[in-house]
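What follows is a short report on a single structure.
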Amino acid sequence: GQQVMQIPQYQHVQEGEDFTTYCNSSTTLSNIQWYKQRPGGHPVFLIQLVKSGEVKKQKRLTFQFGEAKKNSSLHITATQTTDVGTYFCAVIYNQGGKLIFGQGTELSVKP
Amino acid sequence: DAGVIQSPRHEVTEMGQEVTLRCKPISGHNSLFWYRQTMMRGLELLIYFNNNVPIDDSGMPEDRFSAKMPNASFSTLKIQPSEPRDSAVYFCASARRGFSGANVLTFGAGSRLTVL
């Protein structure tokens with residue numbers, strides 16, 4: 001079925017360490033989005049990547065879209081306790097706008 | 001902007017009862033999505049609408065689930081009869097659909113459903 005694989009499922013880091021989550025698709029994607037969900041909260045849009053090889057930065061967050069547009073990554077430099085939450089990638093599989101979410105990576109940060 | 005408004009925020013009901021979840025999307029948004037979130041299955045897309053028309057309901061678990069969008073400012077997700085396995089957080093999200101088909105979703109706070 002239509003799905004995107006996201007790894008790892010969980011990541012526990014010490015504050016100040018880096019963190020990376022990956023999304024992989026078997027099919028070429030038109031674009032990919034990233035969302036963050038804080039514990040007990042709802043997903044909040046972070047960014048959308050459209051171009052092959054695109055790299056975007058938001059402060060300590062770096063988002064990449066693979067050259068083949070089949071994978072993407074989110075990297076956080078020097079994690080802080082405010083980074084705690086679950087990070088989801090989301091992809092569209094048709095022009096109708098059907099948005100499918102990856103399984104998410106739950107990040108915990110130990111102070 | 002009040003954002004996407006969902007009600008109720010919490011619902012506890014008994015098996016067999018009818019449950020109706022409500023959503024008011026952001027004004028001007030023309031796409032609306034219903035997702036279900038559980039620990040086991042993550043965020044599952046149940047159904048989505050474009051311009052009030054259901055486009056894809058392949059994620060609806062079974063006939064016990066139904067969704068409607070009678071106008072641009074209101075949608076309901078109904079479960080009848082409810083079962084314990086329906087316990088989950090149900091999110092409504094809306095978007096202004098662009099030419100590329102890409103939707104940037106704004107989620108509501110969710111409705112946490114517990115079926116005893």
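Order-wise, the sequence lines are chains E and B. All residue numbers for the first sequence refer to our numbering, where the first residue is 1 and numbers rise by one. All residue numbers for the second sequence refer to our numbering, where the first residue is 1 and numbers rise by one. Using N, Cα and C, we set each Cβ at its ideal position, and we do this for glycine too. Quick caveat, the model's predicted, so the values are computed rather than measured.
- Against chain B, a Cβ distance below 7 angstroms from Ile100(E) picks out Leu45.
- Contact note: Phe45(E) reaches chain B through Val104, Leu105, Thr106, using a C-beta cutoff of 8 angstroms and chain order.
- Beyond the five residues adjoining it in sequence on each side, Arg38(E) comes within less than 6 angstroms, by CB distance, of Gly85 in the same chain, given in chain order.
- Listed along chain E, the residues sitting closer than 8 angstroms to Ser31(B) by beta-carbon distance are Gly97.
- In terms of CA proximity to Leu46(B), Asp57(B) leads the group Met40(B), Arg64(B), Asp57(B), Val53(B).
- Interface criterion not met: the Cβ of Arg36(B) is under 9 angstroms from no Cβ in chain E.
- Cα atoms of Val109(E) and Lys36(E): separation of roughly 15 angstroms, rounded to the nearest angstrom.
- DSSP places Pro43(E) outside both helix and strand once states are collapsed to three, so it counts as coil.
- What His42(E) touches in chain B, judged by beta-carbon distance under 7 angstroms, is Phe91, Phe107, Gly108, Ala109, Gly110, going in chain order.
- Neighbourhood of Arg97(B) in chain E, by CB distance below 7 angstroms: Gly97, in chain order.
- In this structure, Leu61(E) sits away from Leu49(E), with a CB-CB distance that is not shorter than 9 angstroms.
- DSSP lists Thr38(B) as the beta-bridge partner residues of Gly42(B).
- Assigned with DSSP and collapsed to three states, Pro70(B) falls in strand.
- For Lys51(E), the CB contacts under 8 angstroms within the same chain, skipping 5 residues up- and downstream, are Phe65 in chain order.
- Per DSSP, reduced to three states, the secondary structure at Thr79(E) is coil, with no helix or strand assignment.
- Taken through DSSP and simplified to helix, strand or coil, Pro25(B) comes out as coil.
- The C-beta distance from Ala90(E) to Ile100(E) rounds to 7 angstroms, short enough to fall under 8 angstroms.
- Closest in C-alpha terms to Glu62(B), from the list Tyr90(B), Lys78(B), Met39(B), comes Lys78(B).
- If you look at Arg112(B), you'll find it in the beta strand (DSSP E) that goes 111-115.
- Against chain E, the CB of Gly42(B) has a partner CB under 9 angstroms away; the residue lies at that interface.
- Residues of chain B with a Cβ closer than 8 angstroms to the Cβ of Gln103(E) are, in chain order, Gly42.
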